[in-house]
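Residue numbers (the numbering used here), protein chains in the order written: chain A, 22 to 408; chain B, 502 to 778. Have a look at the structure below, then the notes.
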Amino acid sequence: MDAYEALSQIFYLIIATGGAIFALEAVLYWSFYKYDKKYFILTSAAMGVLIAGLVVVFGWASEQTPVILYGGLIGIIAGLFNKLYWKGRYRIPFMMLAPGFLAVSLLVIYPFFFEMKLAFSNLNLYTINNWLNGGDLKFVGFSNFINVFTTSPLQTATFWQLLGRTFVWTGINLFFHVGIGLMLAILLNRKIMAKGFYRMLLIIPWAMPQVVAILAWRGEFHPQFGFINQFLMAIGLQGISWWSDPIPVFISCIIVNIWLGVPFMMIVFLGGLQSIPQSYYEAASIDGASKWLQFKEITIPMLKPAVVPSITLGTIWTFNNINVIYLMTGGNGGSEHADILVSALYKSAFTYSRYSFSAAFALVIFAVLIIMTLIWMKISKGTESAV
Amino acid sequence: MSEQENKKNWWVHLILIFGVGTAVFPLLRIIAISLRPGDKIFSTELSLFPTDAHFDNYIEVFTEIGFFGWLFNSIVITLLTAVIGVALAATAAYALSRYKFPMKSSVMVFLMATQMIPVVMLLLPLYFMLQKMQMIDTYAGVIVAYSVTTLPFCVWLLKGYFDTIPRSLEESAQVDGCTEVGSFWRIVLPLSTPSLAIAMLFAITQAWNEYIVARVILQSSELYTWPLGLFELQGDFDTRWGLFAAASVSVTIPVMLVFLYSSKWLLSGLTLGGVKG
């Protein structure tokens with residue numbers, strides 16, 4: 022497809038989105054004004070059928086009759102709700118919320134359920150054509166989930182190895198992000214010359230486009246021409262084959278990700294440090310508290326509220342970071358010794374084309390994420406009550 | 502006192518200079534490589550800038566490979582993602598910030614949860630969805646896929662900002678005869694231009710730098726965004742390393758200038774509750 026064709030398609034997309042939003046708002050407006058009319062439920066059902074019919078006409082639904090029935094059903098339910106509970110209240114919030122919320126639902130909820138359906142079926146490279154040409158998906162029960170734990174998502178690494186590697190990856194990265202970030206922030210918070218200059222240059226890893234930064238680093242890790250090995254050899258050490266040996270590959274990914282993530286933490290910590298009133302330290306030093314004690318008893322507790330959300334976010338970002346691993350290991354067909362869960366998921370779906378397997382794999386990863394979040398919520402609640 | 506402090510600070514400067522050196526090192530290196538003449542690409546000398554620097558790589562990037570095509574594709578996709586994201590997010594965020602309605606808390610939890618789901622996890626079903634709608638290998642498909650992450654994020658960020666605008670402003674406008682929607686349009690939106698700009702900037706940086714999703718959805722090289730193009734160049738690492746470096750520098754410098762210029766805004770946006778929740 023060329024650029025002109027793609028541009029004209031965008032035009033259609035905008036018109037279609039605009040039309041859909043307009044129709045949605047009109048329906049909502051109408052139903053919040055006429056909710057107490059006699060035939061409201063009936064008209065509401067008719068409207069649901071009409072919208073579902075439009076969806077079918079545009080060819081976005083695979084099965085036609087059930088979709089229309091669902092449309093009518095949703096119309097009746099929404100009408101009943103409106104008549105019995107809402108009674109025309111909440112008109113403005115619902116009308117304002119509707120486009121954004123519906124868009125998010127279409128983009129997140131629908132794919133999520135679709136993924137569940139895929140996870141229980143047998144879609145792979147051999148069955149995909151049949152399915153795309155209107156064939157049905159075969160239900161295969163939990164076999165995909167069993168395969169996730171018993172076979173390898175990639176060529177060699179098993180699920181448990183990938184999980185372990187992901188935890189090692191997240192832990193090491195976070196440790197250095199927080200450690201180096203906190204150190205730099207404390208240094209920058211002192212009274213020193215050229216503070217703004219240092220700060221501006223130190224956030225360059227964050228400002229640089231990630232793809233450029235990662236690919237540039239990959240070049241520096243080139244076993245023959247890269248700076249790292251040349252430097253190692255210049256000081257009399259042996260070069261390391263960063264691109265192929267299992268452990269060096271992983272280490273190089275970690276180094277690059279630490280480099281990328283420090284500035285964010287540094288800025289967050291700096292903001293937190295600057296919000297601590299200087300008088301606390303003065304009072305403490307009058308009372309004879311040592312620097313270390315001041316750090317432990319004033320800085321750390323005062324930093325906590327500003328920093329905990331950022332660390333949570335940083336954990337999720339690192340856990341889900343596919344860019345660094347994928348680009349550093351050379352994409353498809355590159356080394357697989359550094360792959361963490363999400364990058365393995367990407368490769369198993371789009372390199373190895375094991376569609377149903379990857380859907381099940383994605384749900385398992387999702388479960389891991391949820392468990393981690395629950396544990397984290399418990400821990401952070403526990404510390405909150407302790408303070 | 503201050504002079505004494507300064508003398509003790511030399512080790513602080515030492516650490517900071519080392520940090521700065523590490524931070525700017527890859528950037529300096531790709532600038533240096535981009536200036537090297539073709540026969541010196543693989544030089545093993547450690548000196549930073551070549552003595553016989555010249556711009557052949559840049560000339561080739563601008564004239565021979567489809568560099569401007571990539572930029573054009575990236576700009577179209579990025580701008581539309583940002584505009585659609587912010588426009589849909591602004592009203593939803595306002596409803597969440599100002600009104601009470603049933604299921605409000607579940608909507609908020611849902612929005613928060615969507616930020617946790619990485620797009621990679623939903624990419625496969627999204628891919629099939631887009632395939633059914635004939636949107637694979639189009640700008641539109643990429644824009645839809647990018648909205649998965651940008652939209653909830655913008656809602657969250659804008660809601661945080663709307664919460665800080667005092668409600669009394671709208672109330673007094675409504676006393677003066679402004680409608681509810683009118684007070685949003687005429688009072689709240691103009692007041693929140695900075696946060697709208699921040700949300701826009703977040704969406705722009707996310708879409709501008711994205712590689713993984715675009716790689717799956719865009720297949721024909723005419724539609725490649727610049728990260729895809731760069732990866733192609735880098736894929737032929739042995740022959741076109743200089744071109745890769747020149748193209749990288751051409752993309753990086755403007756982006757970094759924008760980032761450094763807007764970093765104050767971005768950072769205040771981070772602490773304003775967008776991320777903090």
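We put the CB at the ideal spot given by N, CA and C, even for glycine. All values reported here derive from a predicted model rather than from experimental measurement.
Inset, instruction - With DSSP as the reference, label Ser142 of chain A as helix, strand or coil. - result: DSSP places Ser142 of chain A in the strand class (E or B) of the three-state scheme.
Legend entry - Proximal chain A residues relative to Leu652 of chain B, where beta-carbon distance stays under 8 Å: Annotation: Cβ neighbours of Leu652 of chain B in chain A (cutoff 8 Å, chain order): Gly121, Ala124, Val125 and Leu128.
Legend entry - Of the listed residues A:Met349, A:Gly293, A:Gly69 and A:Tyr302, nearest to Gly93 of chain A (C-alpha basis): Across the set A:Met349, A:Gly293, A:Gly69 and A:Tyr302, the C-alpha of A:Gly69 shows the shortest separation from the C-alpha of Gly93 of chain A.
Legend entry - Proximity to Val620 of chain B [Cα-Cα], best of B:Tyr712, B:Tyr762 and B:Thr726: The option with the nearest alpha carbon to Val620 of chain B is B:Tyr712.
Legend entry - chain B contact for Val389 of chain A (CB, 8 Å cutoff): Not one chain B Cβ lies under 8 Å of Val389 of chain A.
Inset, instruction - Under 8 Å by Cβ, that's how I've got Ala234 of chain A and Leu158 of chain A pegged, so tell me the actual separation to the nearest angstrom. - result: Contact doesn't hold; Cβ gap of about 41 Å is too wide.
Inset, instruction - Please classify Phe115 of chain A: does DSSP put it in a helix, a strand, or coil? - result: Three-state DSSP puts Phe115 of chain A in a helix.
Inset, instruction - Check whether the Cβ of Met287 of chain A lies closer than 7 Å to any heavy atom of the ligand ADP, and answer yes or no. - result: The ligand content of the structure shown is nil, which means the ligand ADP is not present either.
Legend entry - Gly240 of chain A classed as buried or exposed, judged by whether at least 16 other C-beta atoms fall within 10 angstroms: Buried, because 16 or more other Cβ atoms sit within 10 Å of the Cβ of Gly240 of chain A.
Legend entry - Close-in-space but distant-in-sequence residues of the same chain around Leu28 of chain A (CB under 7 Å, 5 per side omitted): Same-chain partners within the cutoff: there are none.
Legend entry - Under 8 Å between C-beta atoms of His555 of chain B and Leu536 of chain B: The criterion of a C-beta distance shorter than 8 Å is satisfied by His555 of chain B and Leu536 of chain B.
Inset, instruction - Could you check which residue in A:Leu127, A:Ser52 and A:Asn165 has the C-alpha nearest to that of Asn143 of chain A? - result: That would be A:Asn165, whose Cα lies nearest to the Cα of Asn143 of chain A.
Inset, instruction - Label Glu671 of chain B either buried or exposed according to how many other C-beta atoms from any shown protein chain fall within 10 Å of its C-beta, with 16 as the threshold for buried. - result: Here Glu671 of chain B is buried. Its C-beta has 16 or more other C-beta atoms within 10 Å.
Inset, instruction - Establish whether the CB of Met117 of chain A and some CB of chain B are separated by less than 8 Å. - result: Yes, because at least one Cβ of chain B sits closer than 8 Å to the Cβ of Met117 of chain A.
Inset, instruction - Establish whether the CB of His358 of chain A and some CB of chain B are separated by less than 8 Å. - result: Against chain B, the CB of His358 of chain A has no partner CB under 8 Å away; the residue lies outside that interface.
Legend entry - Ile516 of chain B burial status per 10 Å Cβ neighbour count (16 or more: buried): Classification for Ile516 of chain B: exposed.
Legend entry - Nearest residue (CA-CA) to Thr320 of chain A, options A:Ile193, A:Asn341, A:Ile337 and A:Ser296: If we check each option's Cα against that of Thr320 of chain A, A:Ser296 comes out closest.
Inset, instruction - Would you mind giving the Cβ-Cβ distance between Gly260 of chain A and Asn250 of chain A, rounded to the nearest angstrom? I have them listed as a contact below 8 Å. - result: The Cβ separation is near 4 Å, so the contact holds.
Legend entry - For Phe685 of chain B and Leu692 of chain B, the rounded distance between their alpha carbons: Taking the straight line joining both Cα atoms gives about 10 Å.
Inset, instruction - Determine the direct distance from the alpha carbon of Met636 of chain B to that of Phe122 of chain A, and round the result to whole angstroms. - result: Answer to the nearest angstrom: the Cα atoms are 22 Å apart.
Inset, instruction - Name the two residues that bound the continuous alpha helix (DSSP H) containing Phe188 of chain A. - result: Note, Phe188 of chain A: alpha helix (DSSP H), Phe180 to Leu209.
Inset, instruction - Please go through the same chain and pick out, in chain order, the residues whose beta-carbon is closer than 8 Å to the beta-carbon of Leu366 of chain A, but skip the five residues on each side of it. - result: Cβ neighbours of Leu366 of chain A beyond the five flanking positions: Pro174, Ser379, Phe382, Ala383 and Ile386.
Legend entry - Residues that Arg530 of chain B contacts on chain A, provided the C-beta gap is smaller than 7 Å: Below the 7 Å Cβ cutoff, chain A contributes Ala237, Glu241 and Phe248 as neighbours of Arg530 of chain B, in chain order.
Inset, instruction - Along the alpha helix (DSSP H) that carries Ile213 of chain A, what are the first and last residues, could you check? - result: The continuous stretches of alpha helix (DSSP H) do not include Ile213 of chain A, and DSSP gives it neither H nor E.
Inset, instruction - Could you check if Ile392 of chain A is buried or exposed, using at least 16 other CB atoms within 10 Å of its CB as the buried criterion? - result: Around the C-beta of Ile392 of chain A, fewer than 16 other C-beta atoms lie within 10 Å, and the residue is accordingly described as exposed.
Legend entry - Inter-stretch contact at 8 Å, needing at least 3 Cβ pairs: the region 214–234 of chain A / the region 300–315 of chain A: These segments do not touch.
Inset, instruction - Grab the span of the alpha helix (DSSP H) containing Trp263 of chain A for me, first residue to last. - result: First-last for Trp263 of chain A: undefined, no H or E at that position.
Inset, instruction - Answer yes if the region 674–688 of chain B comes into contact with the region 721–735 of chain B, meaning at least three C-beta pairs across the two stretches below 8 Å, and no otherwise. - result: No contact exists between the region 721–735 of chain B and the region 674–688 of chain B.
Legend entry - Under 8 Å from the C-beta of Asn558 of chain B: neighbouring residues of chain A: What Asn558 of chain B touches in chain A: nothing, since even the nearest Cβ is about 14 Å away.
Legend entry - chain B contact residues for Gln231 of chain A, given Cβ-Cβ distances below 7 Å: Those within 7 Å of Gln231 of chain A in chain B are Asn710.
Inset, instruction - Mind checking which residues open and close the alpha helix (DSSP H) that includes Trp313 of chain A? - result: Start and end: Lys312 to Gln315.
Inset, instruction - Anything in chain A within Cβ reach of Leu536 of chain B, meaning under 9 Å, just list it in chain order. - result: Within chain A, no residue has its beta carbon less than 9 Å from that of Leu536 of chain B; the closest one is some 14 Å off.
Inset, instruction - Within the region 334–368 of chain A, note down every full alpha helix (DSSP H) run reaching 4 residues or more, in order along the chain. - result: The alpha helix (DSSP H) runs of length 4 or more contained entirely in the region 334–368 of chain A are, from start to end of the chain, 344–349.
Inset, instruction - Quick one: residues in its chain with C-beta nearer than 7 Å to the C-beta of Gln505 of chain B, no 5 flanking neighbours on either side, listed in chain order? - result: Any answer about Gln505 of chain B is weak, because its pLDDT of 48 lies below 50 and its placement is not dependable; what the coordinates show is given next. If the five residues before and after Gln505 of chain B are omitted, its C-beta is found closer than 7 Å to no C-beta atom of its own chain.
Legend entry - Reference Ala66 of chain A, options A:Val76, A:Tyr50, A:Thr339 and A:Ile89, closest by Cα: Of the listed residues, the one whose Cα sits closest to Ala66 of chain A is A:Ile89.
Legend entry - Closer than 8 Å to chain A by CB, Ser598 of chain B: By this cut-off, Ser598 of chain B is not an interface position.
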